[in-house]
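S.K.: Quick note on numbering: full-length UniProt numbering labels position 123 of the sequence shown as 123, and the sequence is numbered without any gaps. Glycine residues also receive a C-beta, built at the ideal position from the N, C-alpha and C atoms. Could you have a look at this structure, given as structure tokens, before my questions?
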Amino acid sequence: MASYETFAAVYDEIMDDSLYDAWTAFSLRHFPEKAHSILELACGTGIQAVRFAKAGFEVTGLDLSYEMLEVAQKRAECEQAQLDLVQADMLDMAGVGTFDVVTCYSDSLCYMPDEKAVAQVFSQVASVLKTGGRFLFDVHSIHQMDDIFPGYAYHENYEDFAFVWDTYEGEEPHSIAHELTFFVKEEDGRFTRRDELHEERTYPIATFEKLLKEAGFSKVQVYADFSDQAPTDESLRWFFVAEK
């Protein structure tokens with residue numbers, strides 16, 4: 001297995017599989033009636049895209065990483081699911097097509113560096129959504145960013161890899177930095193180390209609502225933690241359903 005595929009497999013291994021079931025269930029409750037085509041942003045290794053495809057949708061997965069898309073393609077073939085995969089940036093979706101639904105889960109929008117970039121993503125999403133289509137995404141709450149994440153540490157040892165995850169408060173308001181270190185066993189028995197820095201940022205709900213409306217979304221609903229309930233001060237993840 002190529003090195004990048006190995007690390008992609010590690011990501012999948014440490015990810016709670018039940019979260020994908022929860023994202024799928026939330027989506028199916030909030031997709032517009034007669035929705036057929038889905039664009040999944042930041043599709044990564046394709047776990048969520050395959051779930052949508054198996055639920056009967058025509059799915060296009062978009063990701064910036066060609067290596068991740070290679071893994072997604074192999075996953076789709078293994079699970080006999082049809083996916084169209086596109087290497088592109090969420091900030092520029094020209095030529096991707098038009099869709100009934102656009103999704104962006106696993107707090108991928110939190111990786112945008114600033115409010116301007118978030119606004120650009122919203123504008124791009126609006127440009128590929130059909131009239132009456134919906135944009136579903138989730139982000140970390142301010143409570144999660146400010147109170148829960150700073151000081152968080154998770155260390156795990158497996159036979160073939162070890163994983164160290166430490167999180168610190170970021171420089172910008174409501175931001176954090178994840179320092180990740182992987183040690184993965186190669187075929188020759190040696191361990192390869194990989195270090196990654198993941199920086200995330202969120203904003204008040206009102207800011208997301210304002211940016212969505214400026215991008216052309218007429219109706220915006222906000223929920224919390226995979227439920228259909230309104231957010232509270234203790235909510236960890238906000239879910240947005242925006243209609244064009």
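Taking the runs of the beta strand (DSSP E) that are 3 residues or longer, which of them lie wholly in the segment 75 to 107?
M.R.: Listed in chain order, the complete beta strand (DSSP E) runs (minimum 3 residues) inside the segment 75 to 107 are 83 to 87, 99 to 104.
S.K.: Within a Cβ cutoff of 8 Å, which residues of the same chain sit near residue 25, ignoring the five residues on either side of it in sequence?
M.R.: Cβ within range, chain order: 226.
S.K.: If distances are taken between C-alpha atoms only, which option among 180, 142, 155 comes closest to residue 172?
M.R.: The candidate whose alpha carbon is nearest that of residue 172 is 142.
S.K.: Is it true that the CB of residue 85 sits closer than 8 Å to the CB of residue 117?
M.R.: Against a cut-off of 8 Å, the Cβ pair of residue 85 and residue 117 comes out as no contact.
S.K.: How far does the alpha helix (DSSP H) with residue 213 in it extend, from its first residue to its last?
M.R.: It spans 205 to 214 - the alpha helix (DSSP H) in which residue 213 sits, taken as one unbroken run.
S.K.: Is residue 136 helix, strand or coil when you go by DSSP?
M.R.: In this structure, residue 136 counts as strand in the three-state DSSP scheme.
S.K.: Applying the 10 Å Cβ sphere with the 16-neighbour rule, what's the burial state of residue 249?
M.R.: Because residue 249 is not part of the residues shown, which for the chain are 1 to 244, the question remains open.
S.K.: Keeping to the same chain, check which residues put their C-beta closer than 6 Å to that of residue 37; ignore five residues upstream and five downstream.
M.R.: Around residue 37: 58, 99, 100.
S.K.: Please report whether the beta-carbon of residue 207 lies at a distance below 8 Å from any beta-carbon of chain C.
M.R.: Here there is only one protein chain, and chain C is not present.
S.K.: Quick check on residue 187: does DSSP put it in helix, strand or coil?
M.R.: Of the three classes helix, strand and coil, the one that applies to residue 187 here is coil, per DSSP.
S.K.: Hey, could you find the ends of the beta strand (DSSP E) residue 63 is sitting in?
M.R.: Per DSSP, residue 63 belongs to the beta strand (DSSP E) from 58 to 63.
S.K.: So who's on the other strand from residue 219, going by DSSP bridges?
M.R.: Partner(s): 243.
S.K.: Tell me, which residues are paired with residue 236 by DSSP?
M.R.: Looking at the DSSP assignment, residue 236 forms no beta bridge with any residue, so it has no partner.
S.K.: Short check: CB of residue 69 to CB of residue 48, under 8 Å?
M.R.: Taking 8 Å as the Cβ cut-off, residue 69 and residue 48 do not qualify as a contacting pair.
S.K.: Are there three or more Cβ pairs, one per stretch, closer than 8 Å when the segment 125 to 137 is compared with the segment 152 to 164?
M.R.: The segment 125 to 137 vs the segment 152 to 164: no contact.
S.K.: Buried or exposed, going by whether 16 or more other CB atoms sit within 10 Å of the CB of residue 138?
M.R.: Buried.
S.K.: Who does residue 129 pair with in a DSSP beta bridge?
M.R.: Paired residue(s): 99.
S.K.: Under the rule that 16 or more other beta-carbon atoms within 10 Å means buried, what is residue 113, buried or exposed?
M.R.: With fewer than 16 Cβ atoms within 10 Å of its Cβ, residue 113 is classed as exposed.
S.K.: Helix, strand or coil for residue 143? Go by DSSP, reduced to three states.
M.R.: Residue 143: helix per DSSP, three-state reduction.
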